[in-house]
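Residue numbers (full-length UniProt numbering): 1 to 287. Where a beta carbon is used, it is the ideal one built from N, C-alpha and C, also for glycine.
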Ligand SMILES: [Zn+2]
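Rendered as structure tokens:
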């Protein structure tokens with residue numbers, strides 16, 4: 001919210017405000033090097049696994065590097081909260097904030113999902129999205145956001161004063177605990193800011209507050225990713241359902257989500273190699 005103060009603007013306020021915006025990160029070179037290769041690979045791929053994520057719950061799944069996976073809408077309009085980890089090292093996890101800074105508030109085909117420092121490499125690349133037609137609506141909203149965090153029981157308790165145990169944060173923690181054998185408290189420490197799959201969000205024009213509106217996703221819609229490294233993933237079917245009203249409660253109508261994992265033809269990615277971690281020295285100015 002803009003400050004309501006009695007500070008009067010300086011005489012050159014208009015000039016200061018008129019400075020041109022500069023995109024912080026020129027990312028053209030970061031977009032997919034060879035979308036044609038991935039497009040060709042996805043033409044001939046075999047489904048090797050599928051996982052149903054129950055409503056108001058989450059499931060973990062593994063995707064080997066060089067494979068594709070889809071998050072698919074089933075039965076009704078439903079938002080999903082996605083976490084990604086390096087399958088061999090959970091400390092390397094999806095970096096929502098840097099992905100937002102590098103690409104945009106919402107991600108689409110060709111964008112990469114980047115990993116946390118000190119790794120900073122693409123974990124996955126978006127290769128197809130049946131909601132790509134949506135673009136930006138009249139409210140300034142888009143789909144698949146990297147601005148929200150995930151619904152969680154702490155914020156719910158802060159705002160409502162009660163406990164709700166099926167927020168995406170808890171769902172993801174339970175799913176990771178079940179997959180790894182960790183306690184749910186240990187697993188919780190690995191849960192991170194998500195990619196809000198199918199979620200329709202933006203910032204209000206007048207006060208720039210984060211808003212959501214009913215997702216346009218319908219059964220059969222899907223978003224597809226290419227795994228750039230071996231992934232351990234977890235997906236929560238948000239208790240907010242289509243996130244058109246509220247979340248962190250049992251009030252919204254919720255539906256399951258489907259995850260499918262695909263293996264491309266051997267040889268179709270012979271020119272592809274998994275990205276390396278950042279080569280920064282990590283000296284940080286010290287010798
Ligand atoms: Zn949620």
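Taking 8 Å as the upper bound for CB-CB distance, residue 51 and residue 59 are in contact here, some 5 Å apart.
By the beta-carbon neighbour count (other beta carbons within 10 angstroms, threshold 16), residue 99 is buried. For residue 151 and residue 125, the gap between their C-alpha atoms comes out near 25 Å.
For residue 79, the shortest C-beta to heavy atom distance toward ligand 1 is below 8 Å.
When C-beta atoms of the region 67-81 are compared with those of the region 224-241, three or more pairs fall below 8 Å, so the two segments count as touching. The Cβ atoms of residue 235 and residue 80 lie closer than 9 Å to each other. Residue 59 has its CB no nearer than 8 Å to any heavy atom of ligand 1. The beta carbons of residue 248 and residue 256 sit about 19 Å from each other, so the pair does not count as a contact at 8 Å. A straight-line Cα-Cα distance of about 37 Å links residue 185 and residue 24.
Residue state for residue 108 is assigned as coil, using DSSP reduced to three classes. Rounded to the nearest whole angstrom, the C-alpha separation of residue 18 and residue 146 is 28 Å. Inclusion of residue 199 and residue 190 in the CB contact set at 9 Å is not warranted, their separation being larger than that value.
Segment contact: the region 206-226 against the region 163-180, fewer than three CB-CB distances shorter than 8 Å; contact not assigned. Here residue 114 is buried. Its C-beta has 16 or more other C-beta atoms within 10 Å. Under the three-state reduction of DSSP output, residue 45 falls in the strand class. Cβ-Cβ distances below 6 Å link residue 253 to 241 in the same chain, with the five nearest sequence neighbours on each side left out; the list follows chain order. When C-alpha distances from residue 82 are compared across 193, 91 and 119, the shortest belongs to 193.
Here DSSP, grouped into helix, strand and coil, assigns residue 50 to strand.
Here DSSP, grouped into helix, strand and coil, assigns residue 24 to coil. Counting along the chain, residue 144 sits inside the beta strand (DSSP E) bounded by residues 142-145. Cα atoms of residue 141 and residue 204: separation of roughly 9 Å, rounded to the nearest angstrom. With a threshold of 8 Å, the Cβ atom of residue 168 counts as near ligand 1, since some heavy atom of the ligand is closer than that.
Only residues of its own chain outside the window of five on either side were considered, and among them 139, 141, 201, 202, 203 and 204 have a CB closer than 8 Å to the CB of residue 211, listed in chain order. For residue 277, no alpha helix (DSSP H) run applies, since DSSP gives it neither H nor E. Going by DSSP, residue 96 is part of the alpha helix (DSSP H) stretching over 96-102. One alpha carbon belongs to residue 207, the other to residue 5, and they sit about 15 Å apart. The three-state secondary structure of residue 267, taken from DSSP, is coil. In this structure, residue 39 lies away from residue 149, with their beta-carbon atoms at least 9 Å apart. Annotation for residue 76 indicates a beta carbon at 8 Å or more from all heavy atoms of ligand 1.
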